[in-house]
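Q: Under this note's numbering, the sequence shown has 118 at position 118, and the numbering climbs by one with no breaks. Every residue gets a Cβ at the ideal spot worked out from N, C-alpha and C, and that includes glycine.
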Amino acid sequence: MTDTDADTSSEWDGLVEIGKYPTLEQAQEHGLVILAMREPCWVTATEPAGGFTLHAEPEAAPGIERELCAYASEQEKPVRCPSADREWFRFPAGWGVYGIWMITLILAYLRQGVDPTLVERAASSNTALIDQGEWWRPFTGLFLHADPSHLIGNLLSGLFFGTLVARSIGPLRGWALILFCGTIGNALTAALTWPESFVSIGASTAVFAALGILSGLGCSSMLRVRMRLPWAKITAPVIAGIILLGWMGGGAVGGNTDVLGHIFGFGAGLTAGLAIGLLAPATAGAAAAGSAAAERASRS
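#1: Near A108, which residues of its chain fall below 7 Å by C-beta distance, leaving aside the five closest residues on each side in sequence?
#2: Does G202 come out as helix, strand or coil in the three-state DSSP assignment?
#3: Can you tell me which of G202, G218 and S157 puts its alpha carbon nearest to the alpha carbon of Y98?
#4: Name, in chain order, the residues that DSSP records as bridge partners for W42.
#5: So the beta strand (DSSP E) I18 belongs to, where does it begin and stop?
#6: Output needed for A123: all residues of its chain with C-beta closer than 8 Å, excluding positions within five of it in sequence on either side, in chain order.
#7: Using only alpha-carbon positions, find the residue among L15, G50 and Y71 that is nearest to A36.
#8: Which same chain residues end up closer than 6 Å to A190 when comparing Cβ atoms and leaving out the 5 residues on each side of it in sequence?
#9: Report the three-state DSSP secondary structure of S301 (helix, strand or coil).
#10: Is the distance from the Cβ of G185 to the Cβ of G261 below 8 Å?
#11: Determine the extent of the alpha helix (DSSP H) in which W101 is found, giving its start and end residues.
#12: Please state the DSSP three-state secondary structure of G50.
#13: P40: which of Q28, T46, G50 and T104 sits nearest, CA to CA?
#14: Determine the closest residue to H30 out of S73, L278, G50 and L274, with distance taken between C-alpha atoms.
#15: Hey, G174 and S168: beta-carbon distance below 8 Å or not?
#16: Is V16 buried or exposed, if buried means 16 or more other CB atoms sit within 10 Å of its CB?
#17: Whole angstroms are fine: how far does the CA of S204 sit from the CA of G153?
#18: Taking the alpha-carbon positions, what's the H150 to L105 distance?
#19: Buried or exposed: P360, going by 16 or more other Cβ atoms within 10 Å of its Cβ?
#20: Provide the residue span of the alpha helix (DSSP H) that contains T117, from first to last.
#21: Considering Cα atoms alone, identify which of M102, C181 and P22 is closest to I213.
#22: In angstroms, rounded to a whole number, what distance separates the CA positions of G265 and D115?
#23: Where does S197 fall in DSSP's three states?
#24: How about S221 and G277: do their beta carbons lie closer than 8 Å?
#25: Would you mind working out which of G267, P22, G94 and G170 sits nearest L188, comparing C-alpha positions?
#26: Starting from L142, trace the alpha helix (DSSP H) in both directions and tell me its first and last residue.
#27: Alpha carbon to alpha carbon, how far is L274 from R111? Give it in angstroms, no decimals.
#28: Give me, in chain order, the residues of the same chain whose beta-carbon lies closer than 8 Å to that of W135; leave out the 5 immediate sequence neighbours on both sides.
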């Protein structure tokens with residue numbers, strides 16, 4: 001536990017408030033409960049009202065509050081229990097934006113059945129991009145799919161990772177960043193595979209860009225509260241993202257999976273998430289819940 005004053009309160013912006021206490025002894029008593037859970041916590045002086053505030057990491061807060069409630073029940077001391085509907089995200093899920101993205105993918109796939117040349121004209125192609133200067137190819141390739149299972153898989157993956165990004169940094173900014181990083185991923189793949197002809201389609205590059213954004217946001221949140229935290233915990237969101245990347249994006253040997261697109265999409269999203277989290281600290285704290293959800297998915 002760390003005791004500090006109000007002048008350094010900005011250092012704790014990435015943490016969440018667990019409770020307020022009139023004396024330092026009471027705050028430290030509850031802090032010991034948290035430390036017994038092997039979770040870090042911090043105590044700050046509350047000015048000008050007086051008293052002390054106990055802080056913890058966002059992703060650990062729900063479990064901490066439940067433990068403190070159980071401790072208070074044993075000690076017969078009143079404590080504010082967590083609300084069942086407590087919101088850990090700063091932004092809405094943006095179902096309308098996701099709906100637009102979903103409808104666009106479905107309409108594009110239906111259009112492919114009517115116009116067989118659409119894939120040839122709009123797929124992400126390194127020769128078309130580099131040799132012919134068709135700069136839109138890395139973007140338009142995100143909206144085309146090979147078959148219904150390919151489309152449905154990306155719609156479901158986008159539903160999970162895309163809405164987590166939207167709830168972390170906002171729906172419009174989140175989905176714009178997902179598509180931008182997906183486009184960058186396709187462009188990097190085209191550059192690396194050129195001059196040998198390479199063509200790819202599918203929104204999976206954007207889906208893995210969303211995963212990278214969540215990992216970057218989570219890592220930046222850990223970096224901002226890095227005092228007394230091991231590097232393994234700081235880099236845990238990135239490690240979880242890499243595990244998911246290997247699990248979901250590796251593809252079968254000899255298959256048609258665009259592994260490079262997945263890797264570069266994830267890398268572009270990771271870079272963007274780190275940049276946003278470090279340059280906009282208020283976002284990083286709210287985004288920790290999104291990265292924690294992605295980390296839990298890697299363990300299931």
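A: Working from what's here:
#1: Taken in chain order, the residues that qualify are F143 and L144.
#2: G202: coil per DSSP, three-state reduction.
#3: Nearest of G202, G218 and S157 to Y98, Cα basis: S157.
#4: Looking at the DSSP assignment, W42 forms a beta bridge with H55.
#5: In the DSSP assignment, I18 falls within the beta strand (DSSP E) that extends over V16 to Y21.
#6: R137, T140, G141, L144, V199, S200 and I201.
#7: Taking A36 as reference, the option from L15, G50 and Y71 with the minimal CA-CA separation is Y71.
#8: Here the set comprises N126 and L129.
#9: Past the boundaries of the shown model lies residue 301; the chain is included only from 1 to 300, so the question cannot be answered.
#10: Yes, Cβ-Cβ distance for G185 and G261 is below 8 Å.
#11: First-last of the alpha helix (DSSP H) with W101: W95 to V114.
#12: Three-state result, G50: coil.
#13: The shortest C-alpha separation from P40 is found at Q28.
#14: Looking only at S73, L278, G50 and L274, the smallest Cα-Cα distance to H30 is reached by S73.
#15: Yes, they are a contact pair.
#16: Buried, because 16 or more other Cβ atoms sit within 10 Å of the Cβ of V16.
#17: Each residue's alpha carbon lies about 9 Å from the other.
#18: For H150 and L105, the gap between their C-alpha atoms comes out near 11 Å.
#19: Outside the displayed range of the chain (1 to 300) lies residue 360, so it cannot be described from this structure.
#20: Unbroken run through T117: none, as it is neither H nor E.
#21: For I213, the closest alpha carbon among the candidates M102, C181 and P22 is that of C181.
#22: Their backbone Cα atoms lie some 28 Å apart in a straight line.
#23: S197: coil per DSSP, three-state reduction.
#24: Taking C-beta atoms as the reference points, S221 and G277 count as a pair closer than 8 Å.
#25: For the residues G267, P22, G94 and G170, the minimum Cα distance to L188 belongs to G267.
#26: Taken as a continuous stretch (DSSP letters only), L142 belongs to no alpha helix (DSSP H), as it is neither H nor E.
#27: R111 and L274: Cα-Cα distance of roughly 37 Å.
#28: Within the same chain, W135 has close Cβ partners L129.
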